[in-house]
Amino acid sequence: MDAFSFQQEASSQIAERFAEYAANPLMVDRQTTVPFLQTLVSITGSGKTLILAEAIAQIRDRLPIQPVVLWISKGRIVVSQAYANLSSGKYADNLPGFNVKPLLQVAPSDLEDDTVPLLLVATVGKFAVEDSQGGDRRVYQAQLDLASESLWSLIAKRRTHGGLRRPLIVVYDEGHNLSDLQTRRLLELSPDALISASATMALPGQLENTIARLRNDRGWNEQRFTTAVSSRAVVDAGLVKERIAIGGYVTPMETAIDAMLTDMGDAQEAAASVPIPFRPKAIYVCSTNTVDGVPISEDVKRPFTDRQARPILIWRHLVENAGIDPSKIVIYSQLKFGPGFPPPPSLRLLSGGDNDYTTFLEGNFEHVIFNLGLQEGWDDPTCGFAYIDKEMASARQITQVIGRVLRQPGAEHYQNPILNTAHFYIRSDERGVFDEILDDVRTQLLNEHPAISLSIKKDGRGRILEKLMPEPPRTVPTVGILSANAKDPIAAIISKMMNFSSGGENTIGQGSRMLVLQEIGTGNEATYDWVEVEHSNRVTARAIFRRELQRLYSGALRRAGGPINLVDIELPKFDALVELTSPAADHIRSIARDVVDCYISNSRIFQNDFDAPYSVGPVLIDEADAVAFSKSLHRRYSGLNPLELRFARALDKSQRVWARNPRNSGFYLPLLDLASASTYWPDFLVWVDKTVVAIDTKGDHLLTDATLGKLFEIDTLGEPAKVVLRLVSEGEAQVSPSGQITKLSGIGFTVWSWKAGKLHAQHAEDERAAVKKALTY
0 MDAFSFQQEA SSQIAERFAE YAANPLMVDR QTTVPFLQTL VSITGSGKTL
50 ILAEAIAQIR DRLPIQPVVL WISKGRIVVS QAYANLSSGK YADNLPGFNV
100 KPLLQVAPSD LEDDTVPLLL VATVGKFAVE DSQGGDRRVY QAQLDLASES
150 LWSLIAKRRT HGGLRRPLIV VYDEGHNLSD LQTRRLLELS PDALISASAT
200 MALPGQLENT IARLRNDRGW NEQRFTTAVS SRAVVDAGLV KERIAIGGYV
250 TPMETAIDAM LTDMGDAQEA AASVPIPFRP KAIYVCSTNT VDGVPISEDV
300 KRPFTDRQAR PILIWRHLVE NAGIDPSKIV IYSQLKFGPG FPPPPSLRLL
350 SGGDNDYTTF LEGNFEHVIF NLGLQEGWDD PTCGFAYIDK EMASARQITQ
400 VIGRVLRQPG AEHYQNPILN TAHFYIRSDE RGVFDEILDD VRTQLLNEHP
450 AISLSIKKDG RGRILEKLMP EPPRTVPTVG ILSANAKDPI AAIISKMMNF
500 SSGGENTIGQ GSRMLVLQEI GTGNEATYDW VEVEHSNRVT ARAIFRRELQ
550 RLYSGALRRA GGPINLVDIE LPKFDALVEL TSPAADHIRS IARDVVDCYI
600 SNSRIFQNDF DAPYSVGPVL IDEADAVAFS KSLHRRYSGL NPLELRFARA
650 LDKSQRVWAR NPRNSGFYLP LLDLASASTY WPDFLVWVDK TVVAIDTKGD
700 HLLTDATLGK LFEIDTLGEP AKVVLRLVSE GEAQVSPSGQ ITKLSGIGFT
750 VWSWKAGKLH AQHAEDERAA VKKALTY
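Sequential numbering from 0 applies to the sequence shown in numbering that gives the first Met the number 0.
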């Protein structure tokens, strides 16, 4: 799976930090290193598993011998998914050559073979026990048919046939579950690195000594321990939803659920018309066997229609009142029924926990009633709605559920904003309790998901967000990248790339020494010493080329293709194996740089009149801060920052038809610029006769050379351009004939345009004058 640029940057940072540390590690004693420590902090849905897999692959490329990787997590569901994805699933290509096995299936020969990197997958339950002798502790017991030592001891030694100790990298997915006991057991293995990932990271006390050594002896600060992923980058990539909408209902359960079903119906209608249709799903979080307001268990020896357990009441409302097909509903919890009082045959109950998980997935249910048992492991992006009952409505539980609803179906944002929103309907008995919970949720969301907007409705009446359609409908010509002229020049560059398949001195790295522990002697007389190994593992020319291309050209412009699409990446010379620090690798990277430069210089942004134009779609309005306008395509807009609001009011007074353009789901333009190689969404669209003026507004502190790179002339197939770009910044600035930008004052605005191949700046005394100049072309 190809990584987004932010995923590639995060994985490369982890690998580079490890390589720097491993070249000169701190020591506990002569045979034990202080492990490299890194936490990957990234929001749910950001592709943490892909980032970790890419990091492991890059660490492997930098090591002198093939490593052993222990990939662990708390839940069996998470681990089984990780095993499937890493061994033969969507992430297998990111770990080329790795032998992926469950921990208990590893043989001594796997650990001794230093020609193949080894990745072992396990739950923490396989080793996190106080007593290594008690119970079924197979990892601590010798398998006499295979070895005289326990598996745990073999992993701790991890000796190759030649006596070298293989590097051990421990990866803990869902790392917020890491406990002191687990950490103590892992440290027994003398790992070379501990890498942990979570949306909310907290390190256990058992790592205090490791952290202290790295701080005191290496001067690491807090930032050095953490690789953080920008939530804005994750949102912009389309991996998670743009907005979280929370409604508070001090009402009967049925009222809150009915409000959710109404919105869900709209979402299902919208999802049926997208290029790859899907059916949005809903989850219902509630206690299992208790009656509303009573902490003790319900009497299960009662007829089904007399039962008051929350899952049953929700199921009956969905079936009997909302008319939902029972086959689309599942209760995934330990709901109990007494002898002689069974549920109706149409009720689908999965009470086997992890054992029923496969059945649950295969059922593809649209309505899932549970009690937080699915809070980790279930990653269904089509789930966009959640009802949370009052007994479960703590701030912590709500934020846990948010992760189950935050992923974006199709990994792209859609024109209809209802599909880009995570909807929550929370029922509570007291308004004051709900307000307190929401304050806590708001604080946590701002810390954990700062790029995702939050809408809150407390009165429990009607919908959380109102959807407004454009009146009248308007379109904008499609704008894309025409790269046909770059194909032949890129092929010529690739033809000059040398073939290193036969090896040779140019494929060997220079100055890449790393210390490796080696066994000297045998039996009781064996001793251990550190030896310098000069060369690193080899990697394919293809991997080096692709990584450099991704690094140079942000995400390869996924929305509009990119240079990788013009390269015959399957040529045999891309199969050559070279070391990362070799002259061959440098040559391959230089070819990648030439390819990117060629792509940019030979491609052009053009108005595509052959494809269907972009049609302005609906917007969602939060009534709490909605502002009405008279000339806008939508009657009201919400979420405008102060500068946008001033400019929107000035646009409205111009008497031109205009619209606010939503980021990620509105009209976008691709860029051909290394400094900001991505798409961007201008703030406003204005229709002037047969032309659309796309205007972006920027505060003075946000005006940069990269921002001005969003100005260019759009090529056409002969006819005048119908899309014109403008940038409006706060304050007065000017541009010299050589392109030098100078800030003159903080008064008024500057209107920026690109004409005849040059950047132009015009000063305007206020926003109305700025609008007038921006609409003149």
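The beta carbon of each residue, even a glycine, is placed where N, CA and C say it ideally should be. Quick caveat: nothing in here was measured; it's all calculated off a predicted structure.
Approximately 17 angstroms separates the beta-carbon atoms of Gly-409 and Thr-43; this is outside 8 angstroms, ruling out the contact. CA-to-CA, the gap between Phe-423 and Leu-51 works out to about 30 angstroms.
Minimum Cα-Cα distance from Ala-196 among the listed residues Thr-48, Asp-235, Arg-214 corresponds to Thr-48.
Beta bridge pairing from DSSP links Arg-537 with Glu-578. Thr-474 sits in a strand when the DSSP states are folded into three classes.
For Trp-657, the uninterrupted beta strand (DSSP E) segment begins and ends at 656-659.
Boundaries of the beta strand (DSSP E) harbouring Trp-70: 67-72, taken from the DSSP string. Taken through DSSP and simplified to helix, strand or coil, Glu-643 comes out as helix. Residue nearest to Val-170 within the set Arg-546, Thr-250, Leu-710, Thr-122 is Thr-122 (criterion: CA-CA distance).
Annotation for Arg-157: no beta strand (DSSP E) segment contains it, and DSSP assigns it neither H nor E. Counting along the chain, the unbroken alpha helix (DSSP H) around Phe-359 starts and ends at 356-362. Across the structure, Pro-190 and Phe-35 are spaced so that their CA atoms are roughly 8 angstroms apart. For Asn-215, the uninterrupted alpha helix (DSSP H) segment begins and ends at 207-217. Rounded to the nearest angstrom, the gap between the Cα atoms of Ile-740 and Leu-707 is 10 angstroms. Contact check for Val-530 against Gln-549 fails: the beta carbons are separated by 8 angstroms or more. Nearest to Glu-15 by C-alpha distance, out of Arg-29, Asn-484, Ala-192, Val-692, is Ala-192. Excluding residues up to 5 positions away in sequence, Gln-37, Ala-54, Thr-226 lie with their Cβ nearer than 6 angstroms to the Cβ of Ile-13 in the same chain. Excluding sequence positions up to five before and after Phe-666, its CB lies within less than 8 angstroms of the CB of Val-475, Tyr-613, Val-615, Asn-660, Trp-680, Pro-681, Leu-684, Ala-693, all in the same chain and listed in chain order. If you compare the alpha carbons of Arg-635, Ser-581, Glu-465 with that of Ala-266, the shortest gap goes to Glu-465. Beta-carbon to beta-carbon, Thr-287 and Ser-332 are separated by about 5 angstroms, close enough to satisfy the 8 angstroms threshold. Under the rule that a run must span 4 or more residues, the alpha helix (DSSP H) segments found entirely inside the stretch 0-88 read 4-21, 47-61, 75-86. Contact between Leu-25 and Arg-212 holds: CB atoms are separated by about 5 angstroms, below the 8 angstroms threshold. Counting along the chain, Trp-314 sits inside no beta strand (DSSP E); it lies in the alpha helix (DSSP H) bounded by residues 309-315.
Under the three-state reduction of DSSP, Val-123 is assigned to helix. Counting C-beta atoms within 10 angstroms of its own C-beta, Val-115 has fewer than 16 neighbours from the protein chains shown and is therefore classed as exposed. No residue range can be given for Pro-380, since it is assigned to no alpha helix (DSSP H) and is classified by DSSP as neither H nor E.
The DSSP assignment places complete alpha helix (DSSP H) segments of no fewer than 4 residues inside the stretch 226-311 at 230-235, 252-270, in order along the chain. Bridge partners of Phe-369 according to DSSP: Val-284, Tyr-331. The distance from the Cβ of Asn-498 to that of Pro-582 is about 14 angstroms, inconsistent with a contact at the 8 angstroms cut-off. Counting of Cβ neighbours within 10 angstroms places Met-252 among the buried residues, the total reaching 16 or more. Contact check for Leu-579 against Ser-535 passes: the beta carbons are separated by less than 8 angstroms. The C-beta separation of Val-440 from Leu-668 comes to about 36 angstroms, leaving the pair out of contact by the 8 angstroms criterion.
Across the set Leu-650, Ala-625, Phe-748, Lys-652, the C-alpha of Ala-625 shows the shortest separation from the C-alpha of Leu-639. Residue burial is scored here from C-beta neighbours: Ile-568 has fewer than 16 other C-beta atoms within 10 angstroms and is therefore classed as exposed. Rounded to whole angstroms, the gap between the alpha carbons of Gln-307 and Pro-203 is 41 angstroms. The beta carbon of Ile-323 sits closer than 7 angstroms to the beta carbons of Leu-317, His-366 from its chain, once the five residues preceding and following it are set aside; these are given in chain order.
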